[in-house]
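Below you'll find the structure, written out as structure tokens, and then a few comments.
There are 2 protein chains.
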Amino acid sequence: MSKNSHYQLAFYQVIQMPRKISTTPRKLPQQDRSKITVDAILTATARILTEEGYDKASTNRIAEMAGVSIGSLYQYFPNKEALVAALAEHHENEMIELVQSKLNDLFDAPIEIVLPELVKACMAAHAVNPTLHKVLNEQLPRIAKLQQVNNAEEQILNLFRAYLEKNRDRIRPQNLDLTVFILGCTVESLCHEAVIEHPELLSNGELEEEVSNLLLNYLIGETHERK
Amino acid sequence: MSKNSHYQLAFYQVIQMPRKISTTPRKLPQQDRSKITVDAILTATARILTEEGYDKASTNRIAEMAGVSIGSLYQYFPNKEALVAALAEHHENEMIELVQSKLNDLFDAPIEIVLPELVKACMAAHAVNPTLHKVLNEQLPRIAKLQQVNNAEEQILNLFRAYLEKNRDRIRPQNLDLTVFILGCTVESLCHEAVIEHPELLSNGELEEEVSNLLLNYLIGETHERK
DNA sequence: TGATAATGTGAGTTTTTGCTCATATCATAC
DNA sequence: GTATGATATGAGCAAAAACTCACATTATCA
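Same order as they appear, the protein sequences are chains A and B.
The numbering of the first sequence is my numbering, which starts it at 1358 and goes up by one.
The numbering of the second sequence is my numbering, which starts it at 1358 and goes up by one.
Here's what the structure looks like:
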């Protein structure tokens, strides 16, 4: 997509549908100085979000901290949501990549190796910028209406599902949709909560090991029937 | 316990809290009509939050839907946060009670019975008002500055910890702090995500059973050491 | 019945904040 | 050099939303 079409699209949407918010970038930075401007805006957004919280993150405040005028901000981001969404996508990608590459590398390894490594990678991903991740997690649900931020996360789950499929005869649960949901949700929440609320549990490797045990025992353990 | 008494309790705690600026003390509802007013305000708040989202939940809008004037709202709630906090506390209590009573009833039962029942209770708790729970979950972190909303949840975790302590010789993991964290976080997130994002998984009892398997296999399963 | 307290009202004040636009400065191509 | 597009500026607009307050209505009770 050319720069022009981006610009025209944004312009069209602003004129035609003033009620519906668009997260399409208004203009793409071309010269070096504008790239610096955009970068400064995103960095300032992250700083304010993590250090002062979402409520203090007004666009005027962000522009001030970035050292640019409020007008410049709106030249590259059509609205506040687009700004936050851009930051979120960048951060999400940073996290996802850590997990995805690990899973790709170990696709042919046995479960006993893959799961512990996956847990470790997930912890590392959540440790990239825990505070930012927390703020974004709290605020994104309201923003991500037209957004496909979680697209990448879905990709990981699909990859994980493929891995389970390949090892289907070595695991107990056979409803893979359910299994992927349970394991994915469990790992995600444990990493998230551990990093945010219980950093003291991260000092030694005990947490990672126990989470691995949790997942492994589930996959290769026995059933506990209820009557 | 009636709705009214619930609300009064929540309200009492809100106005008892230390406030920064000297504001005119809000009145406690005394006559029946004012109790009806307070109830209507809280009900309207819940409705707007669930049906239209947090952004639409302005105090004027809430008062309008409650059929009372905006002035009445501010006679019983010093500010918007107090209103949302009162509603959240009420909802939280409703959920907590389901789990807590179950855990109390089954305190002397064996693990194989307790865990599945606990999972079921937790699912039921999350099903009370999933949409409201989701909205509150998204917005509360920004509100709960001076709040101790999660106090009740901590109570449950303590109770669960006591239960594990009692059954210490029957479970594998011996670091109970870690175990309580892992199991609590896992159950909470699975119930939450299942009810909110994957209601299709709730049709049959398979999810509950698999979650129970996850927890049981962890508690009484073997260790998977890594070298 | 009348006095007093409790409750209800809503127009209006205040503050915040997202965002625009007319204008100015800088970079680049010819 | 100058023309043209890219970039930067920030005062100020418009809308929304929290909250007040002077006054009206209703309940309680001697």
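Each residue gets a CB set at the ideal place from its N, CA and C atoms; glycine is no exception.
Just curious, the alpha helix (DSSP H) that residue i is in, first and last residue?
i, result
"B:Asn1404", "In the sequence as displayed, the identity of residue 1404 of chain B is Arg instead of Asn. Unbroken alpha helix (DSSP H) run through B:Arg1404: 1389-1409."
"B:Val1456", "1437-1462"
"B:Lys1477", "1468-1483"
"A:Leu1430", "1427-1433"
"A:Asn1486", "Careful: A:Asn1486 lies outside any alpha helix (DSSP H) and carries neither H nor E."
"B:Ala1420", "1416-1423"
Does the Cβ-Cβ distance between residue i and residue j come in under 8 Å?
i, j, result
"B:Ile1427", "B:Asn1417", "yes"
"B:Val1544", "B:Val1568", "yes"
"B:Ile1539", "A:Leu1571", "yes"
"A:Leu1385", "A:Ala1445", "no"
"A:Ala1401", "A:Ile1419", "yes"
"B:Asn1524", "B:Ile1470", "no"
"A:Cys1542", "B:Glu1474", "no"
"A:Leu1558", "B:Leu1535", "yes"
"B:Ala1397", "B:Ala1414", "no"
"A:Glu1554", "B:Asn1532", "no"
"B:His1581", "A:Leu1573", "yes"
"A:Leu1489", "A:His1448", "yes"
"A:Val1476", "A:Glu1565", "yes"
"B:Ser1429", "B:Thr1394", "yes"
"A:Val1552", "A:Pro1487", "yes"
"A:Ser1546", "B:Ser1560", "no"
"B:Glu1438", "A:Glu1495", "no"
Quiz item: For the region 1507-1584 of chain B, which segments carrying the alpha helix (DSSP H) assignment without a break, of at least 4 residues, lie completely within its bounds, in sequence order?
Solution: 1508-1523, 1533-1554, 1563-1577
Exercise. Residues of the region 1392-1414 of chain A with a CB closer than 9 Å to any CB of chain B: list them in chain order, please.
Key: Gly1410, Tyr1411, Asp1412
Quiz item: So does the region 1477-1485 of chain A actually touch the region 1448-1461 of chain A, counting three or more Cβ pairs closer than 8 Å?
Solution: yes
Quiz item: Are the region 1509-1524 of chain B and the region 1454-1463 of chain B in contact at 8 Å, needing three or more beta carbon pairs?
Solution: yes
Exercise. Determine which residues of the region 1562-1578 of chain B have a Cβ less than 8 Å from any Cβ of chain A, and write them out in chain order.
Key: Glu1563, Leu1564, Glu1566, Glu1567, Val1568, Ser1569, Asn1570, Leu1571, Leu1573, Asn1574, Tyr1575, Gly1578
Quiz item: Listed in chain order, which residues of the region 1504-1535 of chain A have Cβ atoms closer than 9 Å to some Cβ of chain B?
Solution: Cβ contacts with chain B: Arg1529, Pro1530, Asn1532, Asp1534, Leu1535.
Quiz item: For the region 1468-1485 of chain B, which residues have a beta carbon sitting closer than 8 Å to at least one beta carbon of chain A?
Solution: Answer set for the region 1468-1485 of chain B: Glu1469, Pro1473.
Exercise. Taking only beta carbons into account, state which residues of the region 1534-1562 of chain A come closer than 7 Å to chain B, listed in chain order.
Key: Leu1535, Phe1538, Ile1539, Cys1542, Thr1543, Ser1546, Leu1547, Glu1550, His1555, Leu1558
Quiz item: Relative to chain A, which residues along the region 1436-1452 of chain B have a C-beta separation below 9 Å, given in chain order?
Solution: none
Quiz item: Given a limit of 9 Å on CB to CB distance, which residues of the region 1414-1433 of chain B reach chain A?
Solution: none
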